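Residue numbers (our numbering), protein chains in the order written: chain A, 1 to 431; chain B, 1001 to 1431; chain C, 2001 to 2431.
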Amino acid sequence: MDSASATPPAAGAELHALAGELYPICRSITGAGTRATLDTIARFVPLARTEVPTGTKVFDWEIPREWNIREAWIANAAGERVVDFRRHNLHVVNYSQPVRARMSLAELRPHLHSLPEHPQWIPYRTSYYRDTWGFCLTDEQLQALPDGLYDVCIDSTLAPGSLSIGEAVLAGESSDEILVWTHVCHPSLCNDNLSAIAVAAHLARSISQRPRALTYRFVFAPTTIGSIAWLALNEDKVGRIRHGLVLASLGDRGAFVYKRSRRGDAEVDRATEYVLAREQSGSVEDFSPYGYDERQFCSPGFDLPVGRLTRTPNGRYAEYHTSADNLEFITPRSLAASLQTCETICSVLEGNRRYRNLSPKCEPRLGPRGLYSNVTGRNPSEFEHALLWVLNQSDGEHDLLSIARRSRIGFDAIRTAATALRDAGLLEALA
Amino acid sequence: MDSASATPPAAGAELHALAGELYPICRSITGAGTRATLDTIARFVPLARTEVPTGTKVFDWEIPREWNIREAWIANAAGERVVDFRRHNLHVVNYSQPVRARMSLAELRPHLHSLPEHPQWIPYRTSYYRDTWGFCLTDEQLQALPDGLYDVCIDSTLAPGSLSIGEAVLAGESSDEILVWTHVCHPSLCNDNLSAIAVAAHLARSISQRPRALTYRFVFAPTTIGSIAWLALNEDKVGRIRHGLVLASLGDRGAFVYKRSRRGDAEVDRATEYVLAREQSGSVEDFSPYGYDERQFCSPGFDLPVGRLTRTPNGRYAEYHTSADNLEFITPRSLAASLQTCETICSVLEGNRRYRNLSPKCEPRLGPRGLYSNVTGRNPSEFEHALLWVLNQSDGEHDLLSIARRSRIGFDAIRTAATALRDAGLLEALA
Amino acid sequence: MDSASATPPAAGAELHALAGELYPICRSITGAGTRATLDTIARFVPLARTEVPTGTKVFDWEIPREWNIREAWIANAAGERVVDFRRHNLHVVNYSQPVRARMSLAELRPHLHSLPEHPQWIPYRTSYYRDTWGFCLTDEQLQALPDGLYDVCIDSTLAPGSLSIGEAVLAGESSDEILVWTHVCHPSLCNDNLSAIAVAAHLARSISQRPRALTYRFVFAPTTIGSIAWLALNEDKVGRIRHGLVLASLGDRGAFVYKRSRRGDAEVDRATEYVLAREQSGSVEDFSPYGYDERQFCSPGFDLPVGRLTRTPNGRYAEYHTSADNLEFITPRSLAASLQTCETICSVLEGNRRYRNLSPKCEPRLGPRGLYSNVTGRNPSEFEHALLWVLNQSDGEHDLLSIARRSRIGFDAIRTAATALRDAGLLEALA
């Protein structure tokens, strides 16, 4: 795939540095950490911000109270902080209500979460819609806690506020949109989802700096409640979404896995499947209703053409949703290749067209138009094959992507041939 | 498949005992033996009886004279009965006309049938629509017959009478029917078809004792002319047949073979294919117009959704239509598993539904409805996956069976999830 | 395939002899050689001749000036003819303009074409639409040419004239046509295309001598400009073409390769695929817009059901378009088998029908109609299976070819069964 917009080699380091910059922030589905994250992304592309107030009804859901946290710790009888949120954001169960108490280990125990199968990792736990609190710690820490009294402090607030969404619309020749959706609610987890945040921010910047055949809509928002809120507030706009990609987990060392939209044969499905097959860089799976925000876009009442691009999907690697999903788990090389693949997919989606052959009865003469070698008797070049394929298939039914697939000629070569034929007056582009 | 109606372990012995009880009776497409067989079946489920008189026109056919036989033998010059119907029903060609004669071996020879490739087995031969007579014997017997004169006696009658059909209709919530068809015309052949008679009789009893979402129609009748007669007499009822199964050869040690209906994608085809694949208990074949009574149900003028379930199909085992298809050839274990599989298929057909998601825009909240764990960060349970699949696919197009197949979650789990969602007001059942 | 019209064993020698007779003629897309070739073909089947004048507009093209050549040579300073058209037609670039000049080897060199990778073969080059001239020679000849002055002579004419097409229409019961198209423009190349000329001429003669269910249209014409001209002049007739075959390269030792029509599932595609699979004599490929005259028939403005039968396709053998495509490269055995396969395909296309079962409810009785054995209990014969298949599938939707494929019974047996059923009043043929 000889795409014009090649990712420069230095991109991997930049992408990884951005993940590193965002890593210390404690994010959640609402709150200051998420807003700080959007501020950082806005350095790459201007973001329109939407604040959805607590209590707003969004379909079957309601925007929860906003959560903010200052500190959280467990101290032993000697006053030593044996677990401290300052050391790792994952130590506190996300959305814990405030607590300040002294209790025995037995009383504390139901509030402690660890991973016995990975005794040195801290698990990631949330409790958005239940009033409770808790701490996460390594199983080694947990096992080492002696009986006794502990002081527990979670200095958090759950109060009316808002849910934050950042959005960049980059207008193109057509008002038809490519939606690129990235969730921003996870704290200190690198593959899920600082990797995709970094890729999407760079992608948005890169695309903002070039002409666009289609309009792009980049949205950065919390997962589930964020996409539900966005859909509820933008129901009038979903008809513009011609293609959509949910980006997640794009930094690990695994191959790409594309999950098809619910429709299964949307143009974004065909384009991404084509790109991954052509680059032998990953595989494709059918839609399933478990995952990230594609769940909402592909709910039966919307059924939008939105697929999901990841490397190793959620739940299929041990480090998933643990402290081991750290900056070492993601690599500059993977991040750079992810950005490049996203750009290639976008390039195919923008370049894909249907044409009508204006000289459909028999082949038109290509030689006099400077498109074909005049000494024959030899096999034609790939460009000449591409011309023949485009002419033959341009009956208004087949787009360039389907011609590329059928002919096994690269999409860029097919697009170049189509452009040459259009310039020669032999094709007209269809809407 | 964790079906509710599990076949008890003792069923195999009972099924085999019923086959043993029916084995000595000489059945044919008409006559006393067939009526005696229906009497026995009626102990399991009440049977409405139809007698179709000789001469009745049924489509292109006509009900033949009724055949009854009392004795049949060949005696040598010494008066010894060298072949005797009392020893085995197969010794006489089924539907032989009466004969009482003395003749040389040379004259007798064209009336004698044996199986040289299996010299100790008696073949099964019929001659329903040609006025002739004959004997079947082992090839060893045949080769041992010395030249000389023989006395031949077939004390049969071919006279106006009727063809007998037994039928049990078990009403269900819906008047849509599952037709279960079993042929009862074969004498002293165990796999073909005492095995299926035993399975169908037990199935009818079991289903008669439980609530039914659909109406069941069990028919026991002779093959070919029986189904032709039934269709001719019940043409006004065939529109009710939503699913149909022809049962045959269900006692041998082979795996199940399901033959699809002529339509190929009828619900009974999808359901049975699903059950056999899920249980890894057999394979599926495309429709072909040779076989048992599915030939008539799937003739182009009817084209009913009727498939056929057997173990090893007719003609694919050496013992087929010979005296070696005896009580040792069928096993209690196979019979019990056949009954269980029939019950599972019926359970899937009765449980299959299409629903409409009443909250189709984004996912509804499952936690507050008690359907979903509130502490997230872990992978959901199979039940939670089933809920998501049913919600996502319930757009009115997909039935539960298709959701089970696509999700690779068991049908029972999918059905349980659908019921829970319906009870929570999130789904409505479609007609 | 037990086709009635079997190719006699002597056919191979006759076919090869015809290729040998045509080999010395210098053909091109216009001119005397092509007319002489049509004269020879006309010995096998009367040909209507069309002469399309130079300058005639045919779609995007124009009939070029007519090319004729008398002699062409290169002589060294000693007057020796080092390259001479009399020794091989390929020595002159086809459509060379006239030239008479003395020049140095350096000046001559750009006009000389050889094949370094096959130093003993002369390449075939053409220059129909560019005013130039040239010679082709073996690379050994080329390398051996010393520096010095050379006399160059091409005694050709490019003048107003016409393009020649020969056509035989053999009327059948139906006016629907099978088009058999063969290109006749290549000089002294045996596989491409004297092989197909020989096969098509014999096929035309054979078919002209038997009854025909369909009308045949055999066309012999130059490639590309010939089919474009024919389509331009016969646009009103293309609606009659129900099936079409472009024949080419039918003499080499390779297996058959059938290239599907652009439609991909035309009856000729299904029939040829069936014949090749049944005879295990070749493979099938999807349509592509590079090749022979199928390019024009399958251009999107026509999209006719025309496929292409070859053995090894153009460009996939080293001898292609070189002097090594000579009389040794094609074999009597391959030519005879090609003729036989063409006859079988035509036979299937003519015999293929759709019928309607006039007794569609249940099976009709076949025994009383003399079509079925009366002693049952054994497996039916292939003929009996064929009867059952034809009856079952004859609902007006399925043609005999689809029944043959689905039943895995040979087409001839299926056709025989259908004829017997029609004669028994059980089927009616559909239009």
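Note that CB positions come from ideal geometry on N, CA and C, so glycine has one too.
Note that this is a predicted model, so its numbers are computed, not measured.
Taking one beta carbon from each stretch, the segment 218-226 of chain A and the segment 180-197 of chain A have 3 or more pairs nearer than 8 Å; the two touch. C/Glu2382 and B/Arg1240 have their alpha carbons spaced roughly 35 Å apart. When 7 Å is used as the limit between beta carbons, C/Arg2365 is near these residues of chain B: Asp1060, Trp1061, in chain order. Beta-bridge annotation (DSSP): B/Asp1084 is paired with B/Trp1073.
Going by DSSP, B/Cys1342 is part of the alpha helix (DSSP H) stretching over 1332-1351. Per DSSP, the beta-bridge partners of C/Trp2181 are C/Val2219, C/Val2246.
Put simply, the segment 80-93 of chain A touches the segment 127-145 of chain A. At least three CB pairs are less than 8 Å apart.
DSSP, read as helix, strand or coil, puts B/Ala1424 in coil. Within chain B, the C-beta atoms nearer than 9 Å to that of A/Tyr290 come from Asn1379, Pro1380, Glu1384, His1385, Leu1388, Trp1389, in chain order.
Approximately 17 Å separates the beta-carbon atoms of B/Leu1090 and B/Ser1249; this is outside 8 Å, ruling out the contact.
Interface residue (Cβ-Cβ distance to chain C less than 8 Å): A/Asp395 is classified as such. DSSP places B/Tyr1274 in the helix class (H, G or I) of the three-state scheme.
Among the residues of chain B, none has a CB under 7 Å from the CB of A/Gln340; the nearest is roughly 31 Å distant. Residue state for A/Asn357 is assigned as strand, using DSSP reduced to three classes. Between B/Gly1264 and B/Asp1286, the CB-CB gap stays under 8 Å.
Excluding the 5 residues flanking it on each side, A/Ala32 has same chain C-beta neighbours closer than 8 Å at Asn68, in chain order. Sorting C/Leu2115, C/Leu2018, C/Ala2232 by C-alpha distance to the C-alpha of C/Thr2322 places C/Leu2115 at the top. Look at C/His2118 here: in three-state DSSP terms it is coil, with no helix or strand label.
Within the same chain, Cβ atoms closer than 7 Å to the Cβ of C/Ala2336 are found at Thr2007, Ala2011, Gly2012, Leu2015, the five residues on either side in sequence being excluded.
Here C/Asn2193 really is in contact with C/His2183; their C-beta atoms are around 5 Å apart, less than 8 Å. Beta-bridge partners assigned by DSSP to B/Pro1123: B/Thr1322.
Proximity to B/Ile1178 across B/Arg1070, B/Ala1075, B/Ala1229, B/Cys1342 peaks at B/Cys1342, based on C-alpha coordinates. The closest CA to that of C/Ile2409, considering only C/Ala2424, C/Val2390, C/Asp2303, C/Tyr2150, is found on C/Val2390.
DSSP places B/His1385 within a helical segment (H, G or I) once states are collapsed to three. For A/Phe302, a Cβ of chain B is located within less than 8 Å of the residue's own Cβ. Interface criterion not met: the Cβ of C/Cys2298 is under 8 Å from no Cβ in chain B. Ranked by Cα distance from C/Val2169, the first of C/Leu2149, C/Pro2098, C/Glu2071, C/Val2045 is C/Val2045.
Remark: C-beta atoms of B/Ile1330 and B/Ala1019 approach each other more closely than 8 Å.
In the DSSP assignment, B/His1398 falls outside any alpha helix (DSSP H) and lies within the beta strand (DSSP E) extending over 1395-1399.
Non-local C-beta neighbours of A/Gln393 in its own chain, meaning closer than 6 Å and more than five positions away in sequence, comprise Ile403, ordered along the chain.
When Cβ-Cβ separations below 8 Å define contact, C/Lys2361 makes contact with chain B. If you check the CB distance, A/Ala77 and A/Leu149 come in under 8 Å. Closer than 8 Å to the CB of C/Arg2295 there is at least one CB belonging to chain A. Taken in chain order, the members of the segment 1219-1247 of chain B whose beta-carbon sits within less than 7 Å of a beta-carbon on chain C are Ile1228, Leu1231. Interface annotation, C/Asn2094: not in contact with chain B, CB-CB separation never under 8 Å. Within the segment 131-171 of chain A, the alpha helix (DSSP H) runs of at least 4 residues that lie entirely inside it are, in chain order, 139-144.
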